[in-house]
Each structure stands twice: as C-alpha cells, then as structure tokens.
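Student: Note that the sequence shown covers residues 44 to 121 in my numbering.
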Amino acid sequence: MSTAERPPVDGLDYEQARDELTEVVRALEVGGLSLDESVALWERGEALARRCEDQLAGARDRVEKVLGSTDAPDPTDP
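1. May I have the straight-line CA-CA distance separating glutamine 98 from lysine 108, to the nearest angstrom?
2. For the region 49-109, which segments carrying the alpha helix (DSSP H) assignment without a break, of at least 4 residues, lie completely within its bounds, in sequence order?
3. On the three-pair Cβ rule with 8 angstroms, is the region 49-59 touching the region 67-81?
4. My assumption, with CB atoms under 8 angstroms, is that serine 81 sits in contact with leucine 71. Please give the rounded CB distance.
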C-alpha cells in the first residue's frame, strides 16, 4: 500500500500508528525503493512517530491527573 492509500495519521490510534511505523522502518531498512518513495515513506514515518509520542504524552497526562487527584500521599515524597 502506498503512502497515498494509507489512512490519515491523525485518525490512527497508538497501536495502529506503532504497527505502521514498524512496517515503515522495516521497508526503509530493506531498501530497494526509489529516492522519492524513500522520502515519502520517511515523511510518513516521522508523522507516525509524532502521533505515537502525542498519544503517549496524552496517556501520561491522564495517569498523572488520576494519581494527582487521589488523597494518597506520594510514596516518593520525603
């Protein structure tokens, strides 16, 4: 599937973006693509990596918010 046929990155959940990013890396490592194909694939990979980072940051914020809203003391506080 070419990058033009793939769904928009912003519509992917974390697992979909991660799995596609793995495919992109594998395809770039194998080689055999034209320069234009390689650059387009690399651009898609960069967008997928950003999507994964954003999704992980959102999950981290949600966990921190929940942990911050509990009355239990932080065990790492002296």
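Built from N, CA and C at the ideal position, the CB exists for glycine as well.
Tutor: With the structure as the only source:
1. If you take the alpha carbons of glutamine 98 and lysine 108, they lie about 15 angstroms apart.
2. Every unbroken stretch of the alpha helix (DSSP H) spanning 4 or more residues and falling wholly within the region 49-109 is given here in chain order: 57-73.
3. Contact between the region 49-59 and the region 67-81 is absent, because fewer than three Cβ pairs lie under 8 angstroms.
4. With a Cβ gap of about 6 angstroms, serine 81 and leucine 71 count as contacting.
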